[in-house]
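Novice: The structure under discussion is supplied below as structure tokens; questions concerning it will follow.
Protein chains: 2
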Amino acid sequence: MAPSHPQHIKGVFAAALTLLDADLAPDIPACVAHCRWLLANGCDGIGLLGTTGEAPSFSVGQRLGLLDATLEGGIAKHRLMVGTGAAALADAVELTGHAVSSGVAGCLVVPPFYFKNIGDEGLFAWYAALIERVGEADLRLILYHFPQMSAVPIPHKVIARLVAAFPGTIAGLKDSSGDLDNMLGLIEAFPGLAIFSGTERYLLAVLEAGGAGCITAGANVTSREIGRLYAHWREFGGDPEAGALQQRVTALRDLIEGVPMIAAMKVLVARHRGQAGLARVAPPLAGLADADASAFLARVDEAGLILP
Amino acid sequence: MAPSHPQHIKGVFAAALTLLDADLAPDIPACVAHCRWLLANGCDGIGLLGTTGEAPSFSVGQRLGLLDATLEGGIAKHRLMVGTGAAALADAVELTGHAVSSGVAGCLVVPPFYFKNIGDEGLFAWYAALIERVGEADLRLILYHFPQMSAVPIPHKVIARLVAAFPGTIAGLKDSSGDLDNMLGLIEAFPGLAIFSGTERYLLAVLEAGGAGCITAGANVTSREIGRLYAHWREFGGDPEAGALQQRVTALRDLIEGVPMIAAMKVLVARHRGQAGLARVAPPLAGLADADASAFLARVDEAGLILP
Numbered sequence: 001m002a003p004s005h006p007q008h009i010k011g012v013f014a015a016a017l018t019l020l021d022a023d024l025a026p027d028i029p030a031c032v033a034h035c036r037w038l039l040a041n042g043c044d045g046i047g048l049l050g051t052t053g054e055a056p057s058f059s060v061g062q063r064l065g066l067l068d069a070t071l072e073g074g075i076a077k078h079r080l081m082v083g084t085g086a087a088a089l090a091d092a093v094e095l096t097g098h099a100v101s102s103g104v105a106g107c108l109v110v111p112p113f114y115f116k117n118i119g120d121e122g123l124f125a126w127y128a129a130l131i132e133r134v135g136e137a138d139l140r141l142i143l144y145h146f147p148q149m150s151a152v153p154i155p156h157k158v159i160a161r162l163v164a165a166f167p168g169t170i171a172g173l174k175d176s177s178g179d180l181d182n183m184l185g186l187i188e189a190f191p192g193l194a195i196f197s198g199t200e201r202y203l204l205a206v207l208e209a210g211g212a213g214c215i216t217a218g219a220n221v222t223s224r225e226i227g228r229l230y231a232h233w234r235e236f237g238g239d240p241e242a243g244a245l246q247q248r249v250t251a252l253r254d255l256i257e258g259v260p261m262i263a264a265m266k267v268l269v270a271r272h273r274g275q276a277g278l279a280r281v282a283p284p285l286a287g288l289a290d291a292d293a294s295a296f297l298a299r300v301d302e303a304g305l306i307l308p
Numbered sequence: 309m310a311p312s313h314p315q316h317i318k319g320v321f322a323a324a325l326t327l328l329d330a331d332l333a334p335d336i337p338a339c340v341a342h343c344r345w346l347l348a349n350g351c352d353g354i355g356l357l358g359t360t361g362e363a364p365s366f367s368v369g370q371r372l373g374l375l376d377a378t379l380e381g382g383i384a385k386h387r388l389m390v391g392t393g394a395a396a397l398a399d400a401v402e403l404t405g406h407a408v409s410s411g412v413a414g415c416l417v418v419p420p421f422y423f424k425n426i427g428d429e430g431l432f433a434w435y436a437a438l439i440e441r442v443g444e445a446d447l448r449l450i451l452y453h454f455p456q457m458s459a460v461p462i463p464h465k466v467i468a469r470l471v472a473a474f475p476g477t478i479a480g481l482k483d484s485s486g487d488l489d490n491m492l493g494l495i496e497a498f499p500g501l502a503i504f505s506g507t508e509r510y511l512l513a514v515l516e517a518g519g520a521g522c523i524t525a526g527a528n529v530t531s532r533e534i535g536r537l538y539a540h541w542r543e544f545g546g547d548p549e550a551g552a553l554q555q556r557v558t559a560l561r562d563l564i565e566g567v568p569m570i571a572a573m574k575v576l577v578a579r580h581r582g583q584a585g586l587a588r589v590a591p592p593l594a595g596l597a598d599a600d601a602s603a604f605l606a607r608v609d610e611a612g613l614i615l616p
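Laid out in structure tokens, this is it:
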């Protein structure tokens, strides 16, 4: 049986793209419009300013500004899970404190990602200092395990110690390892946490095991299909039709994993919105070459992926 | 023959420790006193706010403040090479612009370190955007190659393209790979750049090949020995006595490589200054356990490493 997760912190979250203006700063109107579109097309929530949102490429000021603008743009605060991690503790404290004050559903916090092989003690101390310095009983912290990108994994031992020290505050974990066994192991080991898959490829498997859902890049362009799977599962469980819906979701996931994912999805969104400039990515990411973009769009069309 | 490097950007630089107060913020008076001590004891310059200085653990505001305070504390600007890299382009622009306006000798810039496997195009674009946005003819940028920590290497191709696009601005490279062959290859491939070893272990070898010197953590506690080697080499070249001095430097390096280096050196500095609190490190680094600290100090004493 699925554990009861904090309300609103479950379901299908899009790790939203941060669309950019010509100066490579967040294009606020375009970002807000994209979030609205996602919520109207299958997403239960928005993961704002995560990896897919290129958050580490923006200053604290830019990140605070985008959250404020998103709320002012009418996106309900309880739909938002905000990436508030940073290499610097002071930055993470500022970002997290602001997000909690803004009333968002949760804060997704990647480990500090400069120093490597830091040891359990240092990693625990960092999260503990963050929580204590933010000092807000309303903080719902989602740990963000993405060893391929952060190069700083979050070991079970550290999770257990944090859960024991800060019950209620440590609300969940996003597992972007891509390793289903790891996700299932977390669900088993931490029944009180909302465990999210970082890929829609394992959405059904994670839900069936008692997980909370997914927070994924792919949902930027396949939210309807992922949302349909989740809605079906809630209504009917893991029947054969759920399996077929998962197969379709997985096939679409394959499409965007074969290319630089953020750049490719931006190409698709830019075409959908009729604004070529929205394909921009912030350095150090690079945009797709024209030929690669055309080939990607052709594959997307062939697969019948249609953005409404 | 050694190429002519920009004045002041050569010799022995200490990658200075950032000593901390009880709030885990830079302890300004202690930091300034440490820099003064280093310059009076064998260092030609200070590498402020690099990896050893735990720079990525501090906010932009904390980093700007420490540079200002260091200059106000009487450290000559031409002695300073300042770490001004960051994951976010906007942060690196602000830090680098401020350092150049302050008149420092150089800016040491690590690649943006969140996204991995970013490709040559994105890495070049990031440095190019940094240089163009700073827009200061006086910028002397030292590339910082430290693949084990940043997880983002700087390939020769990208260096060559940056040197061609921004001659004069790209002034050097610090190689912290620990791979002497890589350092020698860089010296050969880029005779116009000041190539620094990131370890004093290879100081003599790098100088003999035409390199600029070293920027090293170890110099925080062995600056006299390293400075003696450099002074001897400048006067007499790589004679047998230089070899013996290098052997002594290498033996001391071995001491600090066997332990968490930053934490251990802070233990030593704290003892030397008679202020136990100066052993603090910022999370996610962790301090040495008491027994490890005692054992380290015993080994240091046995090796005859005496801070004056």
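The listed protein sequences correspond, in order, to chains A and B.
The opening position of the first sequence corresponds to residue 1 in the numbering used here, with each subsequent residue numbered one higher.
The opening position of the second sequence corresponds to residue 309 in the numbering used here, with each subsequent residue numbered one higher.
Every residue gets a Cβ at the ideal spot worked out from N, C-alpha and C, and that includes glycine.
1) If B:L605 and B:V575 are in contact, beta carbons under 8 angstroms, what's the gap, nearest whole angstrom?
2) Thinking just about the alpha-carbon of each residue, which of A:P240, A:P191, A:M261, A:D91 is nearest to the one in A:E54?
3) Would you say A:S57 faces chain B, with C-beta separation under 8 angstroms as the test?
4) From the DSSP secondary-structure annotation, give me the bridge partner or partners of A:S197.
5) Classify B:V442 as helix, strand or coil using the three-state DSSP reduction.
6) What is the rounded straight-line gap between the Cα of B:S458 and the Cα of A:H232?
7) Assess contact between the region 111-124 of chain A and the region 396-404 of chain B, defined as three or more Cβ pairs (one per stretch) separated by less than 8 angstroms. Is contact present?
8) Since I believe A:A90 is in contact with B:P364 (beta carbons under 8 angstroms), could you give me their beta-carbon distance rounded to a whole number of angstroms?
9) Secondary structure at B:L397, three-state DSSP: helix, strand or coil?
10) How about A:A355 and A:G172: are their beta carbons less than 8 angstroms apart?
11) So, helix, strand or coil for A:I262, using DSSP?
12) Where B:G300 and B:D335 are concerned, what is the direct C-alpha to C-alpha distance, given to the nearest angstrom?
13) By the DSSP assignment, the alpha helix (DSSP H) with A:L180 in it spans what residues?
14) For B:V320, write down the residues that DSSP places opposite it in a beta bridge.
15) Provide the residue span of the alpha helix (DSSP H) that contains A:I159, from first to last.
16) Could you list the residues in the region 444-463 of chain B with a C-beta less than 8 angstroms from some C-beta on chain A, going in chain order?
17) Leaving out five residues before and five after B:G381 in sequence, what residues of the same chain have Cβ atoms less than 6 angstroms from its Cβ?
18) Pick helix, strand or coil for B:Y538, following the three-state DSSP scheme.
19) Does the ligand PLP have even one heavy atom less than 7 angstroms from the beta-carbon of A:A165?
20) Quick check on A:A113 - is its C-beta less than 8 angstroms from some C-beta in chain B?
21) Does the distance from the C-beta atom of B:E508 to that of B:A527 stay below 8 angstroms?
22) Could you check where the beta strand (DSSP E) with B:C415 kicks off and where it finishes?
23) Suppose the cutoff is 8 angstroms on Cβ atoms and the five residues either side in sequence are ignored; what does the same chain contact list for B:I383 look like?
24) Run down chain B in chain order and give the residues with a C-beta less than 7 angstroms from the C-beta of A:D91.
25) Using a Cβ-Cβ distance under 8 angstroms, would B:G355 count as near chain A?
26) Hey, which unbroken runs of the alpha helix (DSSP H) at 4 residues or more fall wholly within the region 24-77 of chain A?
27) Is the shortest distance between the beta-carbon of A:P240 and the beta-carbons of chain B less than 8 angstroms?
28) Whose Cβ in chain B lies nearer than 8 angstroms to the Cβ of A:A286?
29) Please list the partners that A:P283 has in chain B, where partner means a Cβ-to-Cβ separation under 7 angstroms.
30) Between the Cα of A:E225 and the Cα atoms of A:H98, A:V163, A:A303, A:P112, which residue gives the shortest distance?
31) What are the start and end residues of each continuous alpha helix (DSSP H) run of 4 or more residues lying completely inside the region 540-616 of chain B, in chain order?
32) Terminal residues of the continuous beta strand (DSSP E) containing B:L511?
33) Expressed to the nearest angstrom, what Euclidean distance is found between the alpha-carbon atoms of A:A14 and A:R63?
34) Which partner residues of A:G83 appear in the DSSP bridge assignment?
35) Using DSSP with H/G/I as helix, E/B as strand and the rest coil, what is A:L20?
36) Can you name the start and end residues of the alpha helix (DSSP H) that B:P455 belongs to?
Specialist: Per the coordinate set shown:
1) 7 angstroms
2) A:M261
3) yes
4) A:D175, A:C214
5) helix
6) 43 angstroms
7) no
8) 11 angstroms between Cβ atoms; not a contact.
9) helix
10) As shown, chain A starts at 1 and ends at 308. That puts residue 355 of chain A outside it, with no answer to give.
11) helix
12) The shown model of chain B, from 309 to 616, leaves out residue 300 of chain B, and the question about it has no answer.
13) 180-189
14) B:C522
15) 156-165
16) Q456, M457, S458, A459, V460
17) V340
18) helix
19) Annotation note on the ligand PLP: not contained in the displayed structure, which lists no ligands.
20) Correcting the residue type first, residue 113 of chain A is Phe in the shown sequence and not Ala. It does; some Cβ of chain B falls within 8 angstroms.
21) yes
22) 414-417
23) V340, C343, R344, L347, I354
24) S367
25) no
26) 28-40, 60-72
27) no
28) I426, G427, E429, G430, A433
29) L397, G430, A433, W434, A437
30) A:A303
31) 548-565, 569-581, 598-610
32) Run containing B:L511: none in the beta strand (DSSP E); it sits in the alpha helix (DSSP H), 511-516.
33) 17 angstroms
34) A:L108
35) strand
36) 455-458
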